[in-house]
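Asker:
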Amino acid sequence: MKLIDNAIKLKRYAARMFINEIPARMINAGYNTYSKIYKGQLSLGLPVSRELIVNQREIKTNAVGKLALSLYHIFQRTTGTVIPRETIKSVLMDELEKGRIKLTENIILLTSDTLKSLAETRFDISSQFMEAIIDDAKRRFILKESLKTDQQPAYFESEINERESNGRGDYETVFYREFTEEGKEIRFRRLVSMEDVTAGDNRPAVILVPGFANNSNCFNLSNNYSIAMDLADAGMWVYLFDPRGMGVNTGRFDPYYTVDTLIDYDLPAVLNFTYVRSCGKPSVLMGHSMGGIVSENMVLNWALSIKSDQLRFLSSEEKKILERVLPSQDDAKKSINMVKGIISLGSPKFFNKKSHIFFPTALWMNHISRIFNMSHLPIQEMSRVVTDLPLLKGITRSIYNNNIGDLNFLISPENHKGDKFFIERYLKNATESIPLGLGFQLLRAVYDGTGFKRMDDSNLNYSDCFSLFPEDIPLFHFWGTNDHLAPVDNMKYSEFYPHKIKKVYHLESVDDLKKVEIVQEKSQLIDFVIEGAGHIDLLYGRSAIDIIYPLYEQIIETIWGDWTYDQSLLKNCKIDMKMDSAQFEVAQR
Numbered sequence: 003m004k005l006i007d008n009a010i011k012l013k014r015y016a017a018r019m020f021i022n023e024i025p026a027r028m029i030n031a032g033y034n035t036y037s038k039i040y041k042g043q044l045s046l047g048l049p050v051s052r053e054l055i056v057n058q059r060e061i062k063t064n065a066v067g068k069l070a071l072s073l074y075h076i077f078q079r080t081t082g083t084v085i086p087r088e089t090i091k092s093v094l095m096d097e098l099e100k101g102r103i104k105l106t107e108n109i110i111l112l113t114s115d116t117l118k119s120l121a122e123t124r125f126d127i128s129s130q131f132m133e134a135i136i137d138d139a140k141r142r143f144i145l146k147e148s149l150k151t152d153q154q155p156a157y158f159e160s161e162i163n164e165r166e167s168n169g170r171g172d173y174e175t176v177f178y179r180e181f182t183e184e185g186k187e188i189r190f191r192r193l194v195s196m197e198d199v200t201a202g203d204n205r206p207a208v209i210l211v212p213g214f215a216n217n218s219n220c221f222n223l224s225n226n227y228s229i230a231m232d233l234a235d236a237g238m239w240v241y242l243f244d245p246r247g248m249g250v251n252t253g254r255f256d257p258y259y260t261v262d263t264l265i266d267y268d269l270p271a272v273l274n275f276t277y278v279r280s281c282g283k284p285s286v287l288m289g290h291s292m293g294g295i296v297s298e299n300m301v302l303n304w305a306l307s308i309k310s311d312q313l314r315f316l317s318s319e320e321k322k323i324l325e326r327v328l329p330s331q332d333d334a335k336k337s338i339n340m341v342k343g344i345i346s347l348g349s350p351k352f353f354n355k356k357s358h359i360f361f362p363t364a365l366w367m368n369h370i371s372r373i374f375n376m377s378h379l380p381i382q383e384m385s386r387v388v389t390d391l392p393l394l395k396g397i398t399r400s401i402y403n404n405n406i407g408d409l410n411f412l413i414s415p416e417n418h419k420g421d422k423f424f425i426e427r428y429l430k431n432a433t434e435s436i437p438l439g440l441g442f443q444l445l446r447a448v449y450d451g452t453g454f455k456r457m458d459d460s461n462l463n464y465s466d467c468f469s470l471f472p473e474d475i476p477l478f479h480f481w482g483t484n485d486h487l488a489p490v491d492n493m494k495y496s497e498f499y500p501h502k503i504k505k506v507y508h509l510e511s512v513d514d515l516k517k518v519e520i521v522q523e524k525s526q527l528i529d530f531v532i533e534g535a536g537h538i539d540l541l542y543g544r545s546a547i548d549i550i551y552p553l554y555e556q557i558i559e560t561i562w563g564d565w566t567y568d569q570s571l572l573k574n575c576k577i578d579m580k581m582d583s584a585q586f587e588v589a590q591r
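Following our numbering, the numbering of the sequence shown begins with 3 at its first residue and continues without gaps.
1. State yes or no: is the beta carbon of V388 nearer than 9 Å to at least one beta carbon in chain D?
2. As an exercise, report each continuous alpha helix (DSSP H) stretch of at least 4 residues that is fully enclosed by the segment 361–404, in chain order.
3. If we count the other Cβ atoms within 10 Å of its Cβ and call it buried at 16 or more, is S297 buried or exposed?
4. Assuming F352 and G451 form a contact by the criterion Cβ under 8 Å, report the distance between their Cβ atoms to the nearest whole angstrom.
5. Decide if the segment 509–519 is in contact with the segment 374–385; the criterion is three or more beta carbon pairs, one per stretch, under 8 Å apart.
6. Which same chain residues, not among the five before or five after G294, have their C-beta less than 6 Å away from its C-beta?
7. If you count every other CB in all the chains shown that lies within 10 Å of the CB of D539, and 16 or more means buried, which is it?
8. To which residues does DSSP link N163 through a beta bridge?
9. Which full runs of the beta strand (DSSP E) of 3+ residues lie inside the segment 310–351, going along the chain?
10. May I ask you to report which of helix, strand or coil DSSP gives L409?
11. Is the Cβ-Cβ distance between A31 and I76 less than 9 Å?
12. Write down the C-beta distance between A364 and V490 rounded to the nearest angstrom, noting that I regard them as a contact closer than 8 Å.
13. Sorted by chain position, which residues of the same chain lie with C-beta nearer than 8 Å to F498's C-beta, five sequence neighbours on each side aside?
14. Applying the 10 Å Cβ sphere with the 16-neighbour rule, what's the burial state of A215?
15. What does the alpha-carbon distance come out to for the pair A16 and N463?
16. Does the distance from the C-beta atom of V176 to that of S160 stay below 9 Å?
17. To the nearest angstrom, how far is it from the Cα of T80 to the Cα of S224?
18. Per DSSP, which residues does M288 bridge with? Please list them.
19. At the level of alpha carbons, what is the spacing between I413 and M248?
20. Would you call N64 buried or exposed, if buried means 16 or more other Cβ atoms sit within 10 Å of its Cβ?
21. Using 10 angstroms around the beta-carbon of Y36, count the other beta-carbons present and answer buried if the total reaches 16, otherwise exposed.
22. Could you check where the alpha helix (DSSP H) with R191 kicks off and where it finishes?
23. For A134, count the other beta carbons within 10 Å of its own beta carbon; 16 or more makes it buried, fewer makes it exposed. Which is it?
24. Whose C-alpha, out of K104, D458, P270, is nearest the C-alpha of E320?
25. Do you know whose CA, among T83, D529, S129, lies nearest I344's CA?
26. Taking E164 as the reference, give the member of M231, E183, Y178 with the closest Cα.
27. Could you check what DSSP says for H358 in three-state terms: helix, strand or coil?
28. Excluding sequence positions up to five away, which residues of its chain have a Cβ less than 8 Å from the Cβ of V661?
29. Counting only the same chain and skipping the five closest in sequence on each side, list residues whose C-beta sits under 6 Å from that of S307.
30. Leaving out five residues on either side along the sequence, give the residues of the same chain with a beta carbon under 6 Å from the beta carbon of P415.
31. Quick one: what does DSSP say L264 is sitting in, helix, strand or coil?
32. Take T398 as the anchor and find which of K419, F423, P500 has the nearest alpha-carbon.
33. May I have the straight-line CA-CA distance separating G101 from F411, to the nearest angstrom?
34. At 3 residues or longer, and completely inside the segment 461–528: list those beta strand (DSSP E) runs for me, N to C.
35. Per DSSP, what kind of secondary structure is E99 in: helix, strand or coil?
36. Are the beta-carbon atoms belonging to D235 and R170 less than 9 Å from one another?
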């Protein structure tokens, strides 16, 4: 019997060597050789093609021109003085280049303080006109404050999914909109079981954050595959986050939109929104793959703001660049209190480009995107080619149902024996193409192999900063032994976190759950190693149903503990809750 087992292992090893590892080395060698001839792409994080630079310059020029026209009319209307538009454009471009004003997608939004400073110091306008200038600017919606206060109702749509149609329960999905600190609109969803929660209750709130090239449907594929509904059935408030340009935020791609944007602006906006609208209820963050990276690094950002004196490994210039995007220490402390804990499922801390043929193949997008002047990485289009094209469909199914040579980097077929078409449905419903900048930040991490770095000139490597993570935010990391995108080797970074309690559980069967102990202690970090699980097996499949689902429900309930509202805050906030209901009724009509 042992001889047969060894023969099977040898056969698998040989298949992986010839089908996966040797081709991976060859592709890596080819990429490295080509990159020596055509340099300068990943060193900057984005392909430095002439086309992309021209496009970005055009965006800046158009944004400056639009704002200059608005300011031209505002100044003339309020002061009676005509300031040439070319003069205004020159000043705005100078302010933009110096980083004192920022480009938000294809527009520039100002704050009242920034507009006042520009008017007084750059255009020599008397302070007596400031009130009229600010009022006119609000009316023209060029101020961030006006977007925040004059936005459309938070509730803009609602859907009901009842037991009669889905066979499992009665759910309500409410669609929200909020604006980030950059002034960008971000939309997201809330899903609840209608009879299990009520406004003002003490039940947990969970924000689900999807992974690379995924929208929030990865947590809500169907009635049979829905982590969101499972959590809702447990009486939790479930919020589904979508990155910009994806899911409910589908829209024009910005090539310069990166993972940093999610960390700095988008996820913080959604977290703050849920905290304020629920009258001070914190949230548990649960992210898959890149979603875990975003969740942890968002909180790490706040810790870096509070402990900025410990960033000695950054130069003074790098530190200044980083401080431009970090919140104030007071805001950082408030934000940390909004998070009850973080659960990450297959979220890598570093990448090894030699570990799987997927990584060196993906790296070639660095050059292909330049050749074809792409504004996005065509993930969705490529997945459709391999799953829909008759010539390739059979080959693709054979690969992910048999996992020849470990080519299947998404699932272990053993976890999906009852559903041979799971991957096809997953790719169709949850996968999307992504902005070029977002994709290149991850490709940069793959190429570099030393951790996950910011794309700006701060050169901050988040993977070097885990010792500064807030120790009173409990962390729970899930790893799959067959996950080639986030291998178990990533667990070595856990030693750098400052948490007092650290544990590792190796789980192979339901019986292994008996040895798991989760306590209410805030300062704890637990690594769960799931035997036989691939990257998406951490979301769905036999291992997820038997081991992972019971664990994360136990984790959420335990760290939530006996949390209750501060009744004085709840009383003062009830008016806002009633106003939301009224807004919702108006929106429905």
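The C-beta atom is built at its ideal place from N, Cα and C for all residues, glycine as well.
Answerer: In short:
1. Judged by its chain identifiers, the structure shown contains no chain D, having just a single protein chain.
2. 367–373, 381–390, 392–404
3. Working through the sequence shown from its first residue, we reach residue 297 at position 295. Burial call: buried.
4. Numbered from 1 along the sequence shown, position 350 holds the residue referred to as residue 352. Numbered from 1 along the sequence shown, position 449 holds the residue referred to as residue 451. Confirmed, about 6 Å.
5. no
6. Here the question's residue 294 lines up with position 292 in the sequence shown. If we look at G294 and ignore the five residues flanking it on each side, its Cβ neighbours are S346, S349.
7. As a first step, residue 539 must be located in the sequence shown, where it is residue number 537. D539 should be labelled buried.
8. Counted from its first residue, the sequence shown places residue 163 at position 161. Its beta-bridge partners are Y173.
9. 341–347
10. On the sequence shown, residue 409 is found 407 positions in, with the first residue counted as 1. Residue state, collapsed to three classes: coil.
11. If you number the sequence shown from 1, residue 31 lands on position 29. If you number the sequence shown from 1, residue 76 lands on position 74. Not in contact: A31 and I76 (Cβ atoms no closer than 9 Å).
12. Numbered from its first residue, the sequence shown carries residue 364 at position 362. Numbered from its first residue, the sequence shown carries residue 490 at position 488. Rounded, the Cβ-Cβ distance is 21 Å, inconsistent with contact.
13. Here residue 498 is taken as the residue at index 496 of the sequence shown, counted from 1. Here the set comprises F468, S469.
14. Along the sequence shown, read from residue 1 onward, the residue named residue 215 stands at position 213. It counts as buried.
15. The residue given as residue 16 occupies position 14 in the sequence shown. The residue given as residue 463 occupies position 461 in the sequence shown. So the two alpha carbons sit approximately 37 Å from each other.
16. Within the sequence shown, numbered from 1, the residue matching residue 176 stands at position 174. Within the sequence shown, numbered from 1, the residue matching residue 160 stands at position 158. The answer is yes: Cβ separation under 9 Å.
17. If you number the sequence shown from 1, residue 80 lands on position 78. If you number the sequence shown from 1, residue 224 lands on position 222. Looking at the two C-alpha atoms, the distance is approximately 56 Å.
18. Walking along the sequence shown from the start, residue 288 turns up at place 286. In the DSSP output, where bridge partners are listed per residue, M288 has L210, I345.
19. Position 411 of the sequence shown, counted from the start, is the residue given in the question as residue 413. Position 246 of the sequence shown, counted from the start, is the residue given in the question as residue 248. Those two C-alpha atoms are separated by around 23 Å.
20. Within the sequence shown, the letter at position 62 stands for residue 64. By the neighbour-count rule (16 or more Cβ atoms within 10 Å), N64 is not buried but exposed.
21. Within the sequence shown, the letter at position 34 stands for residue 36. That one is exposed.
22. Walking along the sequence shown from the start, residue 191 turns up at place 189. Counting along the chain, R191 falls outside any alpha helix (DSSP H), though it belongs to the beta strand (DSSP E) covering 187–195.
23. In the sequence shown, residue 134 corresponds to position 132, counting from 1. Per the 10 Å Cβ criterion, exposed.
24. Along the sequence shown, read from residue 1 onward, the residue named residue 320 stands at position 318. That would be D458, whose Cα lies nearest to the Cα of E320.
25. Translated into the one-based positions of the sequence shown, residue 344 becomes position 342. For I344, the nearest C-alpha among the options comes from D529.
26. For the purposes of this step, residue 164 is identified with residue 162 of the sequence shown, where counting begins at 1. The option with the nearest alpha carbon to E164 is M231.
27. Residue numbering aside, residue 358 sits at position 356 when the sequence shown is read from its first letter. Note: H358 maps to coil in three-state DSSP.
28. In the structure as shown, the chain begins at 3 and stops at 591. Residue 661 is therefore absent and cannot be evaluated.
29. Taking the sequence shown and counting its residues from 1, one reaches residue 307 at position 305. Answer for S307: L328, P329, Q331, A334, listed in chain order.
30. As a working mapping, residue 415 is identified with position 413 in the sequence shown. So the qualifying residues of the chain are N403, N405.
31. Counting from one through the sequence shown, the residue named residue 264 turns up at place 262. Helix, per DSSP.
32. Taking the first residue of the sequence shown as position 1, residue 398 is located at position 396. Comparing Cα positions, the closest option is F423.
33. As a working mapping, residue 101 is identified with position 99 in the sequence shown. As a working mapping, residue 411 is identified with position 409 in the sequence shown. Looking at the two C-alpha atoms, the distance is approximately 41 Å.
34. 477–482, 503–509
35. The residue you call residue 99 lines up with position 97 of the sequence shown. In the structure shown, E99 sits in a helix (DSSP, three-state: H, G or I).
36. The residue labelled residue 235 in the question sits at position 233 within the sequence shown. The residue labelled residue 170 in the question sits at position 168 within the sequence shown. Result yes, Cβ atoms of D235 and R170 sit closer than 9 Å.
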